[in-house]
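Chains as they are written, first to last, in the working numbering: chain A, 1 to 137; chain L, 1 to 481.
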């Protein structure tokens, strides 16, 4: 896992560093898991196909996280992992693998209202990719 | 003084000006005392006051309340008014939780009546009003048609369905229903809203049993039915997932609209559209629909508060649980204000700010005409909250607006670190405050010391004349998400 929490008074600010774009989305999935169930384990019991579009990598990351939070909000789906089918400059296709939230096994977390565009970035670096995301709680 | 490299000039004890510079179309006006200004060092919120001042059609200053803190696009605690023809509307000026707000109910019970039954009362509230992330109700599942009625008619729908009494509607902004258009609300947003009506949610939202601990204005307090030791119920919540989704959907649209209309933005989260555009019309329809959902949401929770009072005390007591008022602190509204001696119709954005209309304002119900609009400023779960009324000063200086809360002073990570070795519910119980929460993490993140002292904030608005203190409330029991 290569994301870390940055200081933020009211909400959650995250920095992701990853060697590849594929890994960025793996890390973003791990982040979604933390935001929805904390450190409790998640089993792979079902798969949710996902397609997100964005004209920049940062916008793709934003839409990807929004999709994950939406699946949790409406279906209680918690992701354990991400399988990419394709990543193009404008579209990401793949699937979340995971299970439904189980209050007996999963730890309830404070609600995340949204992923914001505030300080949103995902840029190439000599070592791979560096991104920042702020979530509104 | 310099604050994060921004020059800020002190006007008087409670006012600070950020001079117009660069692409700013107006100046910034911050209400704060010297101590609160020091708290802003290291925060981006003053820059956000400046950013808002860049938006087209802004009228008067870009205003910040004393509880200002870092938001998205607009700061939390920001107020800005835009000309109806030349101005813009920005979802970032309203916030994700559209019509997040606070309502206060008063009971015929005294603190001494309730204290022996407090645990049962708090348990009943916890059972009757689902809280926590994604909380939903099994007993209120709306059909598509019913959701459409909620989005059009707000609290009026709820009262017609038996969740309250007609008198409640006189004590809400807009009578609890704005001009919402369900057709402009996405299927995703509607899906999120179907089974969340009557739920409090998570984070800083709560249902609180409290009592009147001090009175500052006898006339206004008497008119509002508040006397020392009167037991009250606070409900702080908004439009739940439906509102978050509406904001998210329209931010995507407004990013494109800003490009389409050539609006230069210092921050993408300030994306907006001209008020005369179809994008603005659609957002206003959807925002008002989400606001109606929030009005109905708080109305249903009031019904379940009354039911808890029935179960623990009596039906007679519940019949006398009256709504004092319901305020929205995340919303944009068209209002007429006097600017340079002329009445102008403006779109006033209040994000983490409360409308505070003065006595004799035509939008207020007859019962508030001589005292002004009631305003509620919740603090943290361990100290106190305040009841205020609107003033002519607010109408003259802040487009009839005042502050909305305490504002955080400690990050969630820091609060959890402080709370981890402690038993916060036990500490609060020792002070006579019972906590029931869906998640320990929420309680830890919401420890009282994570917030500024709301008294400081309220003293500034009272001192500056943009709100008038009426009463102080102290908590006895709190239901959190």
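Quick reminder that beta carbons are idealized off the backbone N, C-alpha and C, glycines included. Here the structure is a predicted model, which means the values were calculated and not measured.
Where are the beta strand (DSSP E) runs, 3 residues long or more, that stay fully inside the segment 303-328 of chain L, in chain order?
Whole beta strand (DSSP E) segments, 3+ residues: 322-328.
Using a Cβ-Cβ cutoff of 7 angstroms, what residues of the segment 117-131 of chain A are near chain L? List them in chain order.
Among the residues of the segment 117-131 of chain A, those with a Cβ less than 7 angstroms away from any Cβ of chain L are 117 and 118, in the order of the chain.
Consult DSSP for residue 157/L and reduce its assignment to one of helix, strand or coil.
Residue 157/L: helix per DSSP, three-state reduction.
Helix, strand or coil, according to DSSP, for residue 94/A in the structure here?
DSSP places residue 94/A in strand when its eight states are reduced to three.
Please classify residue 103/A as buried or exposed, where buried requires at least 16 neighbouring CB atoms within 10 angstroms.
Residue 103/A should be labelled exposed.
DSSP-derived helix/strand/coil call for residue 73/A
Three-state DSSP puts residue 73/A in a helix.
Taking only beta-carbon atoms, is residue 279/L less than 8 angstroms away from chain A?
For residue 279/L, the answer is no, since every Cβ of chain A falls outside 8 angstroms of its Cβ.
I want to see whether chain A comes within less than 8 angstroms of residue 143/L, judged by CB atoms only; does it?
It does not; no Cβ of chain A falls within 8 angstroms.
Would you say residue 51/A lies against chain L (beta-carbon separation less than 8 angstroms)?
So no, residue 51/A is outside the interface.
Identify the residues that DSSP records as bridge partners of residue 502/L: which are they?
Residue coverage of chain L in this structure runs from 1 to 481, which leaves residue 502/L outside it and unanswerable.
Please work out which residues of its chain come closer than 6 angstroms, Cβ to Cβ, to residue 170/L, disregarding the five sequence neighbours upstream and downstream, and give them in chain order.
Answer for residue 170/L: 365, listed in chain order.
Alpha-carbon to alpha-carbon, residue 110/L and residue 222/L
Pairing residue 222/L with residue 110/L, the inter-Cα distance amounts to about 15 angstroms.
Output the residue ranges of the alpha helix (DSSP H) runs that lie fully inside the segment 57-115 of chain L and measure 4 residues or longer, sorted by chain position.
Within the segment 57-115 of chain L, the runs of alpha helix (DSSP H) at least 4 residues long that lie entirely inside it are, in chain order, 111-114.
Am I right that residue 105/L and residue 323/L are in contact with their C-beta atoms under 8 angstroms? What's the rounded C-beta distance?
Rounded, the Cβ-Cβ distance is 6 angstroms, consistent with contact.
By the criterion of Cβ-Cβ separation under 8 angstroms, what are the contact partners of residue 9/A in chain L?
Neighbours of residue 9/A on chain L, chain order: 43, 69, 70, 408, 409, 410 and 411.
Determine the burial state of residue 219/L: buried for a count of at least 16 other Cβ atoms within 10 Å of its Cβ, exposed for fewer.
By the 10 Å Cβ count, residue 219/L comes out exposed.
Selection from 25/L, 24/L, 34/L and 23/L that minimises the alpha carbon distance to residue 9/L:
Looking at 25/L, 24/L, 34/L and 23/L, the one whose alpha-carbon comes closest to that of residue 9/L is 34/L.
CA-CA distance, residue 178/L and residue 327/L?
Computed Cα separation, rounded: 13 angstroms.
Let me check understanding here. Comparing Cα to Cα, which of 192/L, 259/L and 367/L lies closest to residue 248/L?
It is 192/L.
So, helix, strand or coil for residue 48/L, using DSSP?
Residue 48/L: helix per DSSP, three-state reduction.
Compare the C-beta of residue 269/L against all C-beta atoms of chain A and say whether one is closer than 8 angstroms.
For residue 269/L, the answer is yes, since a Cβ of chain A falls inside 8 angstroms of its Cβ.
From 102/L, 417/L and 384/L, pick the residue whose C-alpha is nearest to that of residue 295/L; which is it?
Closest option to residue 295/L, Cα to Cα, is 102/L.
Does DSSP put residue 191/L in a helix, in a strand, or in coil?
Collapsing the DSSP output to three states places residue 191/L in a helix.
Who are the neighbours of residue 136/A on chain L, taking C-beta pairs under 7 angstroms?
72 and 96, listed in chain order.
Can you pull the chain A neighbours of residue 244/L, defined as C-beta to C-beta under 7 angstroms?
Think of a sphere of 7 angstroms around the beta carbon of residue 244/L: the chain A residues whose beta carbon falls inside it are 113 and 114, in chain order.
Would you check if there are 3 or more beta carbon pairs closer than 8 angstroms linking the segment 53-68 of chain L to the segment 15-33 of chain L?
Yes, the segment 53-68 of chain L is in contact with the segment 15-33 of chain L.
What whole-angstrom Cβ distance do residue 36/L and residue 15/L have, given they're in contact under 8 angstroms?
A Cβ-Cβ separation of about 12 angstroms leaves residue 36/L out of contact with residue 15/L under the 8 angstroms criterion.
Contact set for residue 370/L: own chain, Cβ-Cβ below 7 angstroms, skip 5 residues either direction:
So the list reads 359, once near-sequence residues are dropped.
At a Cβ threshold of 8 angstroms, is residue 73/A touching chain L?
So yes, residue 73/A belongs to the interface.
4-residue-minimum alpha helix (DSSP H) runs that sit fully inside the segment 5-30 of chain A, ordered along the chain:
As summarised for the segment 5-30 of chain A, there are no continuous alpha helix (DSSP H) elements at least 4 residues long confined to that stretch.
Is it true that the segment 250-270 of chain L meets the segment 134-143 of chain L, where meeting means three or more beta-carbon pairs spaced less than 8 angstroms apart?
These segments do not touch.
Only counting the same chain, and skipping five residues up and downstream in sequence, which positions put a Cβ closer than 6 angstroms to that of residue 495/L?
The structure shown has nothing for residue 495/L, since chain L only spans 1 to 481.
Could you tell me if residue 19/L is buried or exposed, where buried requires 16 or more neighbouring beta carbons within 10 angstroms of its beta carbon?
By the Cβ neighbour-count rule, residue 19/L is exposed, with fewer than 16 other Cβ atoms within 10 Å of its own.
Would residue 5/A count as contacting chain L if we go by Cβ distances under 8 angstroms?
True, the Cβ-Cβ gap to chain L drops below 8 angstroms.
Please list, in chain order, the residues of the segment 181-197 of chain L that have any C-beta partner in chain A closer than 7 angstroms.
Contacts with chain A (Cβ-Cβ distance below 7 angstroms) from the segment 181-197 of chain L involve 188, 191 and 192, listed in chain order.
Hey, does residue 248/L have any beta-carbon neighbour from chain A nearer than 8 angstroms?
Chain A contact via Cβ: present.
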